[in-house]
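Below you'll find the structure, written out as structure tokens, and then a few comments.
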Amino acid sequence: MDRDEPRSRACLGAGKKTGARLGRCYHALASRMGRPIIGGGAQSELQRRLAQAPRLVLPRAGSDGDGPVKIAICVIAKNEEGTISALVSQLARQTLLSQPYRFQILVVANACSDATAAVARAALLRAFADRPADILVHETPIGGKARSWNLAVHELVAEDAEIILFLDSDIEFIDDLVLERLIGTLRADAALLAVSGHPVKNILKKRRKTLIDRFSLIISRHALTPHAINGSLYAARMEPLRKTWLPVPTPGEDGLLTAMIHTDGFSRPALHSVITQIARPTHYFEAHSVSGFFRHERRMTVGTVINGWICEFMWAANYKENAGPFIRDRNEKDPEWIGRLIESRVAGRRWALPPRMLTWRLHSLRGIGVMRAVERAPFSLAATLLGIWPAIQANRTLRRKDSAHFW
């Protein structure tokens, strides 16, 4: 799979009534469909966006009063032997690694069938031979991004780590200051629990864009999600993550993780302000081909619907405390609980998708003003029509017995 693609749309709902909350949940989940990007003309558009980003006054690096802060940097990789070395080289050039923090660098090889672990280990030892960083490459034979996330956070990350950076192995940083800005943004505001990167499509770098390129950029240029985690790159405080366990399997872990951080594990109405997206673009990701677009839309639809059902299930329990330990116990004692939840939602239904999964781009035209709505409407309508076939495919997938493992 393309690990720099968003895993699902952010699963939120701040209301107290489950029905109203779930309606907002699916709309918010759907808004995560498009990767947060900027679109438009040539490279000057990116340069203009970089120039417009507010200047950030970073806190003094390193100390929190009790000694240097420890930062864990985690890459969960599956069959990435061809990209992991390049990421390690980029990582070694990041200015953050020269700051007076303590570092743990962790690579979790997620059920790899290639040499990802060996290549990562060699690249890390080579790039950080003269740097004081704790390096760990861990191979897990059981696949699943959510499972590997739980393993990393609760078993592999050092107990004294205060902040963690998660990054995908196939991203390309905009510049060498990206990670320093992410950590600086997080540490500058004690109320923030996580800071998401700001991805841009790599076709933005093309001097000559095709019609499809331009359409792709226009469709997604308004898809910014300022209070949601994008799983390809984010920084988070370890304190809330140590209370969090993701359901296994979770098809789109960043959307559900966003929901759990916003709501303290479904124990309170969503507080969106605890997550922010850095204003300045941080990294490139690979844009889809036409066929890749349809595969992506299918994946996102499946992940969003399943995560919506998980959100509904969790809200219905009326937790007074963080639901993380409950999820941990269900994962251990009842490994098929997500599969049965999905089966219960599709039983006897020929069409399992909520209506908003087809119309969310049209709903996004509300409240933006008449002129902007008129400008966006043709593209929103075109994208909605293009989403019909992937929705039909997603509906078929959801009705299969193994849909919980689809990704």
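Okay, so the sequence shown: first residue is 188 according to this note's numbering, each after it adds one. Idealized CB from N, CA, C, for every residue including glycine.
| field | With 16 other Cβ atoms within 10 Å as the buried cut-off, status of methionine 425 | value | Counting of Cβ neighbours within 10 angstroms places methionine 425 among the buried residues, the total reaching 16 or more.
| As assigned by DSSP and simplified to three states, the class of phenylalanine 290 | Phenylalanine 290 falls in the strand class under three-state DSSP.
| Using a Cβ-Cβ cut-off of 8 Å (strictly less than) and excluding sequence neighbours within five positions of threonine 584, which residues of its own chain qualify? | Arg485, Val489, Ser590, Phe593
| task | Compute the Euclidean distance between the alpha carbons of alanine 341 and valine 262, then round it to the nearest angstrom. | result | Per the sequence shown, the amino acid found at residue 341 is histidine instead of alanine. Straight-line Cα distance between these residues: approximately 15 Å.
| Among Thr270, Ile260, Val295, Ile361, which one has its Cα closest to the Cα of tyrosine 288? | Looking at the Cα atoms, Ile260 is the closest of the given residues.
| said: Which same chain residues end up closer than 7 Å to aspartate 451 when comparing Cβ atoms and leaving out the 5 residues on each side of it in sequence? | reply: Asn509
| Relative to the C-alpha of leucine 380, which residue among Pro468, Val492, Gly331, His459 is closest? | His459
| field | Local conformation of lysine 257 per DSSP, three classes | value | strand
| query | Looking at C-alpha atoms only, which residue of Val435, Leu354, Leu366 is the closest neighbour of serine 419? | reply | Selected option, being the one with the closest Cα: Leu354.
| said: Looking at alanine 264: is its Cβ nearer than 8 Å to the Cβ of valine 294? | reply: yes
| query | Would you call the CB atoms of glycine 384 and isoleucine 322 closer than 8 Å? | reply | no
| message | Please state the DSSP three-state secondary structure of isoleucine 361. | response | coil
| serine 478 by DSSP, collapsed to three states: which one? | Of the three classes helix, strand and coil, the one that applies to serine 478 here is helix, per DSSP.
| glycine 526 versus Ala310, Thr303, Pro434, residue with shortest Cα-Cα distance | Pro434
| Using the rule of at least 16 other Cβ atoms within 10 Å of the residue's Cβ for burial, across every protein chain shown, is leucine 443 buried or exposed? | Under this definition leucine 443 is a buried residue.
| field | Unbroken alpha helix (DSSP H) run spanning serine 272, endpoints | value | 271-280
| request: Out of Ala298, Arg455, Glu523, Ala310, state which residue places its alpha-carbon closest to the alpha-carbon of serine 335. | output: Ala298
| message | Quick check on alanine 310 - is its C-beta less than 8 Å from some C-beta in chain D? | response | No chain D appears in this structure, which consists of one protein chain only.
| Within this structure, are the beta carbons of leucine 283 and isoleucine 416 separated by less than 8 Å? | no
| said: Taking the alpha helix (DSSP H) that leucine 443 belongs to, which residues open and close that run? | reply: 440-449
| request: Identify every residue that forms a DSSP beta bridge with serine 383. | output: Tyr421, Gln464
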